[in-house]
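Student: So the protein lines, in turn, are chains A and B. Sequential numbering of the first sequence, starting at -12, is according to our numbering. Sequential numbering of the second sequence, starting at 218, is according to our numbering. We put the CB at the ideal spot given by N, CA and C, even for glycine. Sending over a structure as structure tokens; questions will come in a sec.
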Amino acid sequence: MAKKESSFVNMVVTLFVVTAVAALALGGVYNVTKEPIAIAKRLKIERAIGEVLPEFDSIIETKILPEGGRDSLTFYKATNQGEVVGTAIRTYTDEGFSGRFWIMVGFVDGDVISGTSVLEHKETPGLGDKMEKKKSFNKKTGKSWSDQFNGKNPMDFTLKVTKDGGDVDAITAATISSRAFCDAAQRAYDELKKQGGE
Amino acid sequence: MNQVQNFTKGFIKDNPVFVLLLGLCPTLGVTTTAINGIGMGLATTFVLVMSNLVVSLIKNAVPDKVRIPAFIVIIASFVTIVELTMQAFTPALFEALGLFIPLIVVNCIVLGRAEAFASKNNIGSSIIDGLGMGLGFAFALGLLGAVREILGSGAIFDFKFIDGDGMLVFVLAPGAFIALGYLIAIMNKFKKA
Chain A
-12 MAKKESSFVN MVVTLFVVTA VAALALGGVY NVTKEPIAIA KRLKIERAIG EVLPEFDSII
48 ETKILPEGGR DSLTFYKATN QGEVVGTAIR TYTDEGFSGR FWIMVGFVDG DVISGTSVLE
108 HKETPGLGDK MEKKKSFNKK TGKSWSDQFN GKNPMDFTLK VTKDGGDVDA ITAATISSRA
168 FCDAAQRAYD ELKKQGGE
Chain B
218 MNQVQNFTKG FIKDNPVFVL LLGLCPTLGV TTTAINGIGM GLATTFVLVM SNLVVSLIKN
278 AVPDKVRIPA FIVIIASFVT IVELTMQAFT PALFEALGLF IPLIVVNCIV LGRAEAFASK
338 NNIGSSIIDG LGMGLGFAFA LGLLGAVREI LGSGAIFDFK FIDGDGMLVF VLAPGAFIAL
398 GYLIAIMNKF KKA
């Protein structure tokens, strides 16, 4: 078959056919993958809630836009056989070394931090990413950097790095990331207090 | 050129990373660990094979003046398919590669092979060319990732063999340049011998 001539009609028809076929193919793939993508996202959130809260069997989800905030926090109120076990809050900070990142903070007994988990971040590998549990896990002590928050009440545990007069030991060489992590946790705590401490 | 040469040229003689120096943006960006490098390489391989296949199929039906936009649409569609599929079935890998998957669209290797090879050769050779080039790319990224992971975090395939940190610079961007430079030097020596 000889090469088609670059006439106006030929070009328009070719591009139309190519884009139409591409659009159809993409629509098909989107439909097939829509469900698994939603499930994968859901699973990730549920795994994070499981990490920061004690056992639970159902969660109620609410979204709250904090005053002056750019994005909303998501509250996951967890109950086990009708009894409230705690609240996990999906919170964020814009103070990160590479912009915004999201963490999950769990609160039990009203306002005691039960655990934290990093959801997504772009912090420097090898430095700021030590806020992830598995990246800063120390075999000798069995603890990670973020474990220092567990069991603390932000009422008397100031969520600031020691350099700023707080109680949090910053990650070595990643003070900005540590500060941002505190900022995210503080945002969750403030909003929790506003909602009546439950 | 026979098909065996056509397939193997992507590994050493015309290796996209070490010899042609194409597609360096994902090369330097994602190779913090061996597994990320291989994952990125395989995703690119899939796009290369599929786009080479389609481009060689329609090469005569596309007028010359609009061939580049047509190729780009084809490549972008396959990249989006890869992106959606990874997001659905391998969320962990997708998270690690994240930003770089859409960038396969502008990876010079893919358009380069479509323009330089697939639009001039038959379907069979084009598929083999795509496969060879893609696997060569995956091999290079895997190798670079392994070097950076071993030196930077003292681990290989997430298995840690030293306590604490390695040489952090190798995990960061400057280390990528240093490691790539040495690998290219070794490759050149090896090719001349």
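Run through chain A and tell me which residues come within less than 7 Å of Ser336 (chain B), C-beta to C-beta.
Tutor: Those within 7 Å of Ser336 (chain B) in chain A number zero; the least Cβ separation is about 10 Å.
Student: Can you tell me the Cα-Cα spacing of Ala390 (chain B) and Leu245 (chain B), whole angstroms?
Tutor: Rounded to whole angstroms, Ala390 (chain B) to Leu245 (chain B) spans 7 Å at the Cα level.
Student: Along the chain, where does the alpha helix (DSSP H) containing Leu11 (chain A) start, and where does it finish?
Tutor: -5 to 39 is the extent of the alpha helix (DSSP H) around Leu11 (chain A).
Student: Return no unless some Cβ of chain B is closer than 9 Å to the Cβ of Lys130 (chain A).
Tutor: With 9 Å as the cut-off, Lys130 (chain A) does not count as an interface residue toward chain B.
Student: Along chain A, in chain order, which residues have C-beta atoms closer than 7 Å to that of Ser294 (chain B)?
Tutor: What Ser294 (chain B) touches in chain A: Ala9, Ala12, Leu13.
Student: Would you say Glu312 (chain B) faces chain A, with C-beta separation under 9 Å as the test?
Tutor: By this cut-off, Glu312 (chain B) is an interface position.
Student: If the cut is a Cβ gap below 8 Å, which residues of chain A does Thr302 (chain B) touch?
Tutor: Near Thr302 (chain B) (Cβ distances below 8 Å), the residues of chain A are Val16, Thr20.
Student: Can you tell me whether Phe378 (chain B) is helix, strand or coil according to DSSP?
Tutor: In this structure, Phe378 (chain B) counts as coil in the three-state DSSP scheme.
Student: Measuring CB to CB, does Leu266 (chain B) end up less than 9 Å from Gly353 (chain B)?
Tutor: Here residue 266 (chain B) is Val; the residue named in the question, Leu, does not match the sequence. Not in contact: Val266 (chain B) and Gly353 (chain B) (Cβ atoms no closer than 9 Å).
Student: Could you check the C-alpha separation between Lys122 (chain A) and Thr80 (chain A) for me, to the nearest Å?
Tutor: Those two C-alpha atoms are separated by around 20 Å.
Student: Would you mind telling me which residues of chain B sit closer than 9 Å to Leu105 (chain A), beta carbon to beta carbon, in chain order?
Tutor: It should be pointed out that residue 105 (chain A) corresponds to Val in this sequence rather than to Leu. In chain order: nothing, as chain B lies at least about 11 Å away.
Student: Under 8 Å between beta-carbons, which chain B residues line up against Met142 (chain A)? List them in chain order, please.
Tutor: The contacting residues do not exist; Met142 (chain A) stays about 35 Å from chain B at best.
Student: Does the stretch 3 to 15 of chain A come close enough to the stretch 52 to 66 of chain A that 3 or more CB-CB pairs lie under 8 Å?
Tutor: The stretch 52 to 66 of chain A, when compared against the stretch 3 to 15 of chain A, does not touch it at the 8 Å Cβ threshold.
Student: Kindly list, in the order they appear in chain B, the residues whose Cβ is closer than 7 Å to that of Ser(-7) (chain A).
Tutor: Near Ser(-7) (chain A) (Cβ distances below 7 Å), the residues of chain B are Pro280, Asp281, Lys282.
Student: Mapping DSSP to helix, strand and coil, what is Glu185 (chain A)?
Tutor: Bear in mind that a pLDDT of 43 at Glu185 (chain A), under 50, signals an unreliable position, so the number given afterwards is only what the model happens to contain. It is coil, neither helix nor strand.
Student: Our contact map puts Ala12 (chain A) next to Ser294 (chain B) with C-beta atoms below 8 Å; I'd like the distance itself, whole angstroms only.
Tutor: Rounded, the Cβ-Cβ distance is 6 Å, consistent with contact.
Student: Counting only C-beta atoms, is Ala157 (chain A) closer than 9 Å to chain B at any point?
Tutor: So no, Ala157 (chain A) is outside the interface.
Student: Cα separation between Gly359 (chain B) and Cys169 (chain A)?
Tutor: Using only the alpha carbons, I get a separation of about 36 Å.
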